[in-house]
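Let me begin by presenting the structure, written as structure tokens, before commenting on it.
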Amino acid sequence: MEKFNELLHEFEKEIKQLQIEENKFINDFYLIYENKNVKKISNSVFYNTINVIL
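Residue numbering for the sequence shown follows this note's numbering, beginning at 114 and increasing consecutively.
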């Protein structure tokens, strides 16, 4: 039973680590996604400004 509890504890630690890595991945993904959207918005503002000037 003690060995089982040790293994269970190790397993729980690995799951927590995987959850942390998954959260980092998701956060990185959203950062990249948001940056692309910000660039799109700034590009459209830039082009709209040029069109108004022309």
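Glycine included, each C-beta is placed from N, C-alpha and C at the ideal position. Owing to the predicted nature of the structure, the values given are computational and were not obtained by experimental measurement.
Tell me the rounded alpha-carbon separation between residue i and residue j.
i              : j              : result
valine 158     : isoleucine 145 : 20 Å
isoleucine 163 : lysine 149     : 21 Å
glutamate 135  : tyrosine 160   : 37 Å
isoleucine 133 : lysine 116     : 26 Å
leucine 131    : isoleucine 166 : 52 Å
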